[in-house]
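Residue numbers (the working numbering), protein chains in the order written: chain D, 307 to 552; chain B, 8 to 418.
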């Protein structure tokens, strides 16, 4: 299986602090992967680099069949190439309706003029309704996103990610602030999504990672400390020392 | 599902168009040229100019209210539009006058002599007799009309491209726009800028070729033209902000980073709106200055753009009709209070003279609106229409801002 995303020896430092240090990582086209690590291990910086928010000092990030380098692309171009990102805080456009939020995220041409002359079609409206139903917001499509509860906003954002139809999904601490029932729903959704695309879940809740039942990458001080099944990495003495032992 | 027609999705557009038509018709029927003469020509001109200011406010609302960029240089585009049309007005009229006076000569003047005489007439005041390069197209109305939109459009495009691609945001961007208009004003103040320095362009109220028409009728024609432009661009703006495009630019206003991660080229959207607004503002300026009769570089000073921002804030940014009301009400009030006709208030020991105190009162209004009624006058209409912000009382229940609140949870 060829890799969808290939991160090769990246390094980045902020004011002398090496946030990422010779990190290499790869994920297949339909794979679920959990990235764990203590605070400051470089999990968020890793996502920032893949999505174009931060430029690495060295190394390369390649994406897709043609192994296109992402380093020359800006955030919007990377998103259009098929990488979606779910933030830890739900970030939806609170002043706009649920339907408008989803419509904006629908896969379509993103240029200003294409958007200006874009008109809703029966297909696009059906897709919005379908997505809203999928994330449990079917009755709320005309409400403003700002009026939704915290959990509903999380789901709306997930719906927006689905609308984008990304090939690689980066999810930052999806379980934060969720109830047990919501966590189970989220786990099921992530596992299902990973059947057709690559999903990277950044998490430090071990319970949640165990539920995902997938390959785990442990980050420590900006590089990969161990990789393998959860049982495998939890038996690794280095991992026990830096992360689990505490 | 069928989509409702444009007018039904934008009921305010219909109301605005009807009110504009009724207003223009009423003024026409009360004008000196076409009606009873209750409204003097000078007032007709003030009303026509006010409509142009409302158009500038409409464009400002696109940039500030919808896109979230507080541009303090909008009036630079307004004045540039005025300068572009002013060049033709002044050139063509001077040419007609010079040709008439030279026609008495025993030998008729050549085209070259005529050109030199016109240049001497226009630029003698700044000690020059040559027509500057920037006046190359001044003889052609068509060319200058094209330049009315092209020059401000290009300036906005280049300025916006430089500013947006380096991701200058917020107050820094506002300062940059202010610096742009100040630099342009200072350049125009110079005698060798080619635009007659601080004399500016004058006599613009006389439209070449329409000498026999008279100001009374011309003022009504310009009133109609201004109202038509305002109506046209109101519909255009309502269409632009009504669909997915409007959705995206409001999203950029609220959370630019998130829009980038959705894959939208944020800079392209900003550039498109900024340039469109600059061109609309320029058209407003091109209609304004023939009614004002004179334009000089003082019109570009940052204070003019700040006034525009004040009108938009008081009218209610983010509502197209709100900012029009703001511009119309505040600019008319301003000219009434500063015109010396407002009665002074006699307090014991002090007399409040409105000419001196109006600016203070306006400034106070601006502060109060910003603090207590961020939606401005349009907020009143929102309240009547029942569009209310969610009432959220009590403590956050969840881990995050925006989580369900105590009172909501009980309900």
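Glycine included, C-beta positions come from ideal geometry on N, C-alpha and C.
Quick one, are the C-beta atoms of residue 157/B and residue 293/B less than 7 Å apart? no
What residue range is occupied by the uninterrupted alpha helix (DSSP H) comprising residue 335/B? 327-345
Note down, in chain order, all residues in the region 382-394 of chain D with a beta-carbon under 7 Å from any beta-carbon belonging to chain B. 382, 385, 386 and 391
Nearest-angstrom Cβ-Cβ length linking residue 334/B and residue 323/B, presumed shorter than 8 Å: In fact, because the Cβ distance is near 11 Å, the residues do not count as touching under 8 Å.
Secondary structure of residue 380/D, DSSP reduced to three states: coil
Quick one: list the residues of chain D neighbouring residue 215/B, beta-carbon separation under 7 Å, in chain order. Here the premise fails: no neighbours, minimum Cβ distance about 38 Å.
Nearest chain B C-beta to residue 331/D closer than 7 Å, yes or no? no
State the DSSP-derived secondary structure class of residue 28/B, mapped to helix, strand or coil. helix
Does the pairing of the region 52-59 of chain B with the region 145-153 of chain B give three or more beta-carbon distances under 8 Å? no
Between residue 19/B and the rest of its own chain, which residues show a CB-CB distance below 6 Å, the 5 nearest in sequence each way excluded? 328
In chain B, which residues lie less than 9 Å from residue 402/D when you measure between Cβ atoms? 254, 257, 258 and 261
Interface positions of the region 415-432 of chain D facing chain B (Cβ-Cβ less than 8 Å), listed along the chain: 416, 417, 418, 419, 421, 422, 424, 425, 426, 428 and 431
Cα-Cα separation, residue 82/B to residue 90/B: 12 Å
In the DSSP assignment, what residue or residues form a beta bridge with residue 357/B? 354/B
How should residue 417/B be labelled, buried or exposed, when 16 other C-beta atoms within 10 angstroms of its C-beta is the threshold for buried? In this prediction, residue 417/B has a pLDDT of 42, which is less than 50 and means its spatial position is unreliable; what the coordinates show is noted afterwards. Classification for residue 417/B: exposed.
Kindly provide the ranges of any alpha helix (DSSP H) runs that are 4 or more residues long and lie completely inside the region 329-376 of chain D, ordered along the chain. 349-356
Counting only beta-carbon atoms, is residue 5/B nearer than 7 Å to chain D? In the structure as shown, chain B begins at 8 and stops at 418. Residue 5/B is therefore absent and cannot be evaluated.
Within 10 angstroms of its Cβ, does residue 303/B collect 16 or more other Cβ (buried), or is it exposed? buried
Is residue 49/B helix, strand or coil by DSSP? helix
Using CA atoms only, rank isn't needed, just tell me which of 385/D, 522/D, 442/D and 528/D is closest to residue 296/D. Outside the shown range of chain D (307 to 552) lies residue 296/D, about which nothing can therefore be said.
Strictly by DSSP, which residues pair up with residue 324/D? 319/D
Give a yes or no on whether the minimum CB-CB distance between residue 277/B and chain D is below 7 Å. no
Is residue 492/D close to chain B, meaning its C-beta is less than 7 Å from at least one C-beta of that chain? no
Check whether the region 496-510 of chain D touches the region 337-357 of chain D, taking contact to mean three or more Cβ pairs, one atom from each stretch, closer than 8 Å. yes
Please go through the same chain and pick out, in chain order, the residues whose beta-carbon is closer than 7 Å to the beta-carbon of residue 131/B, but skip the five residues on each side of it. none
For residue 104/B, the three-state DSSP class (helix, strand or coil): helix
Close-in-space but distant-in-sequence residues of the same chain around residue 203/B (CB under 6 Å, 5 per side omitted): 133
When you compare only the Cα positions, how much space is there between residue 241/B and residue 30/B? 16 Å
Drop a sphere of 10 angstroms on the beta-carbon of residue 360/B, count the other beta-carbons inside from all chains shown, and report buried for 16 or more, exposed for fewer. exposed
Pick from 74/B, 235/B and 100/B that is closest to residue 148/B, judged by C-alpha positions: 100/B
Could you check whether residue 69/B and residue 284/B sit closer than 7 Å to each other, using their CB atoms as the reference points? yes
Classify residue 296/B: buried if its beta carbon has 16 or more other beta carbons within 10 angstroms, exposed otherwise. buried
For the beta strand (DSSP E) that contains residue 533/D, what are its first and last residues? 529-534
Under DSSP, the alpha helix (DSSP H) around residue 134/B begins and ends at which residues? Element bounds for residue 134/B: n/a, residue is neither H nor E.
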